[in-house]
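Participant: What follows is a structure written as structure tokens; I'll ask about it next.
In mature numbering (1 follows the signal peptide of the UniProt record, and there is no 0), the protein residues as written are -18 to -1, 1 to 275.
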């Protein structure tokens, strides 16, 4: 595993991108991420974000779908789907015909299957419990590929974008949001942020746009969604003023853990207010003929 992580780190440093990278890559490998989302962290995010667990939730998902012209008659894939909340929103509210979600964490997949069944959507939404880079889905089999604030957990962002390009049909869309480096983020701030979020690396909007082009997408949207700072302020308010009991219960009544949680969220909210961390929004159209950029 160490050799694999070092190889990934070397690839990132030697690429044309200069994104900030977590110094201890082992602390953000697939096992570490799965452990986080099998424990209280999943509950904390659902407490402040709702069951879709992403910034903007259904409103952001519907904005993406509208701007990407995704809707009725289409079949989609979500890579890193968590519990499938975004897929349920696309099927229920945007009229998408069917979705397949690929998610590594088994407990999250089981929760997603249960919630999907409770909403009567199991005939339209399926889950694959695998690493998104090893999903086994056929080439050119989806009208669109979707993700919400989840590719931040991938060490090599180009690989997940390449998977999207492989799965989507020519002329189809990739649409996603992610946590992105804004302006003025220092190296110490980046290391603390990446460590507490279990992110291996964080690109800029421009770096993600270049990766989309390299994978054969025409970039239609690559921008700051403007949602990150208001959302982080809301989450801090929830944890300090509205959901104190629920947060402490999730943390096993550990006061030190609760104090650290508040400190971490206040730190992220400060980065957000200063524009150092933002949510990027992206839509790309797959070219009929792949062109290396």
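In this text, a Cβ means the ideal position worked out from N, Cα and C, and glycines have one as well.
#1: Using the Cβ count rule (16 or more neighbours within 10 Å means buried), how would you classify residue 223?
#2: So does the stretch 190 to 201 actually touch the stretch 235 to 246, counting three or more Cβ pairs closer than 8 Å?
#3: Counting only runs of 4+ residues fully inside the stretch 85 to 144, write out the alpha helix (DSSP H) ranges in chain order.
#4: Secondary structure at residue 157, three-state DSSP: helix, strand or coil?
#5: Do the CB positions of residue 147 and residue 197 come within less than 8 Å of each other?
#6: DSSP has residue 41 in a bridge; who is on the other side?
#7: Taking all protein chains shown into account, decide if residue 13 is buried (16 or more other Cβ within 10 angstroms of its Cβ) or exposed.
#8: Pairs of beta-carbons, one from the stretch 98 to 110 and one from the stretch 30 to 42, closer than 8 Å: are there three or more?
#9: Grouping DSSP H, G and I as helix and E and B as strand, with all else coil, what is residue 203?
#10: Could you please give me the residues that DSSP links to residue 183 through a beta bridge?
#11: Using DSSP's beta-bridge definition, name the partner residues of residue 268.
#12: Per DSSP, which one or two residues make a beta bridge with residue 163?
#13: May I have the straight-line CA-CA distance separating residue 4 from residue 179, to the nearest angstrom?
#14: Please work out which residues of its chain come closer than 8 Å, Cβ to Cβ, to residue 9, disregarding the five sequence neighbours upstream and downstream, and give them in chain order.
#15: Measuring only the C-alpha atoms, how far is residue 110 from residue 85?
#16: Quick check: residue 72 and residue 143, are their CB atoms within less than 8 Å of each other?
#17: Leaving out the 5 sequence neighbours to the left and right, which residues in its chain are closer than 6 Å to residue -1 when beta-carbon positions are compared?
#18: Please work out which residues of its chain come closer than 6 Å, Cβ to Cβ, to residue 80, disregarding the five sequence neighbours upstream and downstream, and give them in chain order.
#19: Within 10 Å of its beta-carbon, does residue 48 have 16 or more other beta-carbons around it, so buried, or fewer, so exposed?
#20: Quick check on DSSP: helix, strand or coil for residue 17?
#21: Take the Cβ of residue 226 as the centre, count every other Cβ of all protein chains shown within 10 Å, and call the residue buried at 16 or more, exposed below.
#22: So, residue 151 versus residue 125, is the Cβ gap smaller than 8 Å?
Facilitator: According to the data block:
#1: exposed
#2: no
#3: 88 to 100
#4: strand
#5: yes
#6: DSSP, once it has assigned bridges, lists no residue as partnering residue 41.
#7: exposed
#8: no
#9: strand
#10: 3
#11: 199
#12: 186 and 259
#13: 10 Å
#14: 177 and 180
#15: 6 Å
#16: no
#17: none
#18: 57 and 106
#19: exposed
#20: helix
#21: exposed
#22: yes
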